[in-house]
Amino acid sequence: MEEGVKVVGFWPSPYSQKVIWALKQKGVAYDYIEEDLSNKSQLLMKSNPVYKKIPVLLHGGKPIAESSVILEYIEETWPQNPLLPKEAYERASARFWIQFGAEKGPTFGSLFTSTAGEEQDKAAKDALEVLKILEEQGLGNNKFFGGDSINLVDLALGWLAHWFQCIEELVEIKLIEPTTLPRLHAWVENFNQVPVIHENLPDKKRLLAHMKSIREMSISAK
Amino acid sequence: MADEVILLDFWASMFGMRVRVALAEKGVHYQYKEQDLWNKSPLLLQMNPIHKKIPVLIHNGKPICESLIIVQYIDEVWHDKAPLLPSDPYQRAQARFWADYVDKKLYDTGRKVWTTKGDEQEAGKKDFIEILKVLERELGDKPYFGGQSFGFVDISLVTFSCWFHAYETFGNLSIKKECPKLMAWVKRCKEKESVSKSLADEKKVLELLHTMRKNLGIE
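These protein sequence lines map, in sequence, to chains A and B. Counting from 1 along the first sequence, just add 107 to a position and that's the residue number in this note's numbering. Counting from 1 along the second sequence, just add 3 to a position and that's the residue number in this note's numbering.
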């Protein structure tokens with residue numbers, strides 16, 4: 108029985124969901140603590156004084172912050188059901204795609220907060236370009252970014268399989284379609300069918316409502 | 004079979020320098036290929052088609068991109084000497100966290116210091132010093148970020164030190180005054196040949212940024 112594992116998260120966040128997916132995939136038991144981001148807890152402030160953000164993983168009381176750092180920690184601490192390749196070059200390649208996904212966050216953020224017109228057209232074009240790169244050079248002809256089964260890259264990009272559909276619905280633009288991005292579209296379907304993912308997704312209606320209010324706040328703040 | 008190791012780099016890049024330091028720590032022989040960032044070579048575009056940036060490490064024909072990913076790759080491949088990351092998973096996580104902090108914060112904030120003026124520059128300067136102070140607090144009384152031995156976080160940060168003179172000149176600030184312990188750490192790191200031989204000349208960096216500021220219309 109491992110020393111207490113705790114996850115401090117926020118239910119609509121794909122960042123805290125990635126951590127949960129990794130722990131579940133490895134069969135690691137944990138306690139989940141829901142954080143109220145409008146009233147941050149002492150635990151969060153103490154565990155992540157640098158960024159004061161979720162997710163934070165606590166293992167035997169010791170905190171680790173930043174989802175990409177947490178995922179690598181989980182991989183190294185619980186090696187069963189490996190989520191990174193063993194070979195150094197392939198590991199570097201996996202880390203490249205995880206970083207690529209993280210860096211392109213603002214591109215999708217721009218789409219999320221865009222309103223109809225030139226701004227939105229450009230945002231959609233930029234987002235489509237990123238998705239094309241992911242499909243052609245990241246995924247290639249594989250079922251998952253990890254090959255035949257999911258790995259940390261799939262988890263890191265997993266928000267594209269659920270949260271992105273909410274963005275598409277809110278901006279009324281569909282980008283991941285079987286005609287334009289067939290392999291990525293298939294990946295979305297396959298990823299959502301992986302049991303650990305399927306059983307650990309926030310409710311779509313609730314998520315959509317949450318994201319709608321965030322979008323409206325961002326637009327009015329512009 | 005002998006390893007073929009090539010580094011595509013730009014002399015003034017603090018990111019490229021990280022790779023140079025890592026290769027030197029491990030005693031790896033490699034071919035350095037200087038890149039013209041304003042006229043990118045077919046080799047660079049072929050080896051890093053997505054970002055088109057340096058550094059790129061080419062190991063037996065296969066490219067690895069992104070400086071911290073390259074440093075981890077070097078640590079894993081040439082694992083028999085000078086470990087750059089700790090062996091304990093929790094310590095490794097802390098090292099990754101802090102190297103990521105440097106990556107997220109320092110370059111962009113530093114860029115404000117040398118490319119902006121007035122209020123924007125003042126805000127940039129304040130943030131820049133604050134980031135260095137956070138790092139200085141993390142260093143504490145340890146000789147290196149990794150503790151007793153030079154490692155991943157030290158590599159991620161020390162290469163910025165040859166840009167400090169430029170930041171100080173354009174920002175009219177003194178990093179030594181604001182972060183004396185950090186400057187002592189820089190001096191300690193520069194006593195290592197792997198570091199001193201990899202850093203660019205700070206006067207040449209200043210000259211380069213002068214030219215770039217002129218081209219940006221700031222001077």
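Cβ coordinates follow ideal geometry from the N, Cα and C atoms, glycine included.
Could you compute how far the alpha carbon of residue 315 of chain A sits from the alpha carbon of residue 288 of chain A?
23 Å
CA-CA distance, residue 134 of chain B and residue 286 of chain A?
46 Å
Residue ranges of each beta strand (DSSP E) run of no fewer than 3 residues wholly in the stretch 53 to 103 of chain B, ordered along the chain?
59 to 62 and 65 to 68
Under 8 Å between C-beta atoms, does residue 103 of chain B make it to chain A?
yes
Using a beta-carbon distance cut-off of less than 7 Å, what residues from the stretch 76 to 102 of chain B approach chain A?
76, 79, 80, 92, 93, 95, 96, 99 and 100
Using a Cβ-Cβ cut-off of 8 Å, state whether residue 68 of chain B counts as contacting chain A.
yes
Just the C-alpha distance for residue 218 of chain A and residue 284 of chain A, rounded to the nearest angstrom, thanks.
17 Å
Secondary structure at residue 106 of chain B, three-state DSSP: helix, strand or coil?
helix
Take residue 142 of chain B and list the residues in its own chain whose beta-carbon comes closer than 7 Å to its own, dropping the five residues that flank it on each side.
148, 184, 185 and 188
So, at 6 Å on beta carbons, what are the nonlocal neighbours of residue 23 of chain B in its own chain, with the 5 sequence-adjacent residues on each side left out?
201
Cβ-Cβ separation, residue 143 of chain A to residue 362 of chain A (assumed contact under 8 Å), whole Å:
Any answer about residue 362 of chain A is impossible in this case: the structure gives chain A only from 108 up to 329.
Ignore the nearest five residues each way along the sequence and tell me which others in residue 206 of chain B's own chain have a CB closer than 8 Å to its CB.
168
8 Å is my cut-off, CB to CB: does residue 72 of chain B come that close to chain A?
yes
Could you check whether residue 18 of chain B and residue 70 of chain B sit closer than 8 Å to each other, using their CB atoms as the reference points?
yes
Does DSSP classify residue 211 of chain B as helix, strand or coil?
helix
Counting only the same chain and skipping the five closest in sequence on each side, list residues whose C-beta sits under 7 Å from that of residue 108 of chain A.
Reliability of the predicted coordinates at residue 108 of chain A is poor, the pLDDT of 40 falling under 50, and the value obtained from them is presented with this limitation in mind. Same-chain partners within the cutoff: there are none.
Just to confirm before moving on: does the CB-CB distance between residue 190 of chain A and residue 197 of chain A stay below 8 Å?
no
Taking only beta carbons into account, state which residues of the stretch 120 to 138 of chain B come closer than 9 Å to chain A, listed in chain order.
137
Where residue 81 of chain B falls, given that 16 or more other Cβ within 10 Å makes a residue buried
buried
Closest residue to residue 224 of chain A among A:279, A:312, A:309 and A:116 (Cα-Cα distance):
A:279
Which residue comes first and which comes last in the alpha helix (DSSP H) that contains residue 171 of chain B?
167 to 174
What residue from B:41, B:176, B:64 and B:62 has the CA that sits closest to residue 55 of chain B's CA?
B:41
Would residue 155 of chain A be called buried (16 or more neighbouring beta carbons within 10 Å of its own) or exposed?
buried
Quick one: what's residue 164 of chain A bridged to in DSSP?
A:114 and A:171
Is the stretch 48 to 64 of chain B in contact with the stretch 96 to 110 of chain B, if contact means three or more CB pairs nearer than 8 Å?
no
Which one or two residues does DSSP pair with residue 254 of chain A in a beta bridge?
A:251
Quick one: which chain A residues come within Cβ less than 8 Å of residue 53 of chain B?
207, 240 and 244
Beta-carbon within less than 8 Å of residue 204 of chain B's beta-carbon, same chain only, minus the 5 sequence neighbours each way: which residues are those?
165
Just the C-alpha distance for residue 8 of chain B and residue 219 of chain B, rounded to the nearest angstrom, thanks.
36 Å
Any idea if residue 179 of chain A is buried or exposed, counting beta-carbon neighbours within 10 angstroms, 16 or more meaning buried?
buried
In three-state terms, what does DSSP make of residue 138 of chain A?
strand
Answer yes or no: does any C-beta atom of chain A fall closer than 8 Å to that of residue 145 of chain B?
no
Check each residue of the stretch 188 to 199 of chain A: if its Cβ is closer than 8 Å to any Cβ of chain B, include it; give the result in chain order.
195, 196, 198 and 199
6 Å CB neighbourhood of residue 327 of chain A in its chain, flanking five on each side removed:
none
Within chain B, partners of residue 176 of chain A - CB distance below 8 Å
96, 99, 100 and 103
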